[in-house]
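Every position in the sequence shown, counted from 1, becomes a number in the numbering used here once 7 is added.
Each residue gets a CB set at the ideal place from its N, CA and C atoms; glycine is no exception.
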Amino acid sequence: MEKNEEWYFDAKGKRIDGRSQFEHRPINLKVGVIERADGSAYVEWGQNKAVAAVYGPREMLPKHMADPNKASIRYFYRMAPFSVPDRKNPKPGRREIEISKVSAEALSRAAELEQFPNTAIDVFVTILDANAGTRITALLAASLALADAGIPMKDLVAGIAVGKAGGKVVSDLNKHEEDAPDAVDLPIAMGPNTDEVVLMQMDGPLTEKEFHEILDVARKSCQEIKDMQMEVLKQKYKEDFNGDLK
Ligand code: CDP
């Protein structure tokens, strides 16, 4: 891609990275990547790379933060300093704190927290490489890591950012598209079994028609992604129970 290139669809309707309008970037999932953690996962989504580690349920410290009715998810989304073209200051910024807050809320809808009163479930997600869509990449990894930690869940959390660039609705915007003058980015995460939207953010105007189109595209992608998540979890359990137990 040339610098300052400002087209979003070629004559055949293909995007700058060769994808069609509703095609997401390739997704690769892996679970059980960090031995020390109770559960862990690694997700590649196009250029995005996220690694998630879950610790808990464990005693909530400080104690006054404990919820006597359920476990509390503490989510730490962080971007590695080398994950973006301009060095990211390692100190968590407002963006990371916001993403951590909404992602903890999203996961809290999926996990059965009532089973573990007074405890904390700590979810650490580090972005190693970024090219738009990292909060969703992180959330997929976190959801897999929670399941890998054996925490009972009503649902997995699957997600995708759908939005608008170059005048059209597009699925899974890359950085070039996110920087389009008319860009709207709408990260959505769902519990695909319950059909519940657990995270939705929006950074620009859309018509009602566009909004519904985006929801439909996101819902289909979330189902597809959930199937991939289930597959990789089943694969891990198969391997664990085929004589590979430590
Ligand atoms: O990553 P996501 O789309 O969920 O969040 P965003 O705030 O919309 O950020 C979009 C993209 O901007 C990130 O994925 C990075 O590629 C880039 N970015 C950056 O280059 N430097 C930062 N400090 C933050 C984001």
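- Per DSSP, reduced to three states, the secondary structure at Glu231 is helical.
- Residue range 55-66 is occupied by the beta strand (DSSP E) that includes Ala60.
- Per DSSP, Leu193 lies in no alpha helix (DSSP H) segment; the continuous beta strand (DSSP E) that holds it begins and ends at 191-198.
- Collapsing the DSSP output to three states places Val109 in a helix.
- Set against 6 angstroms, the gap from the CB of Asn138 to the closest heavy atom of the ligand CDP is smaller.
- DSSP places Ala154 inside the alpha helix (DSSP H), whose first and last residues are 141-155.
- Annotated three-state conformation of Glu215 is helix, per DSSP.
- For Thr214, the closest C-alpha among the options Thr201, Met237, Cys229, Asp189 is that of Asp189.
- With fewer than three CB-CB distances shorter than 8 angstroms, the region 198-213 does not count as touching the region 124-132.
- Assignment of Leu120 by DSSP, reduced to helix, strand and coil, places it in the helix class.
- For Glu51, the enclosing beta strand (DSSP E) starts and ends at 46-52.
- The beta carbons of Val38 and Asp155 sit closer together than 7 angstroms.
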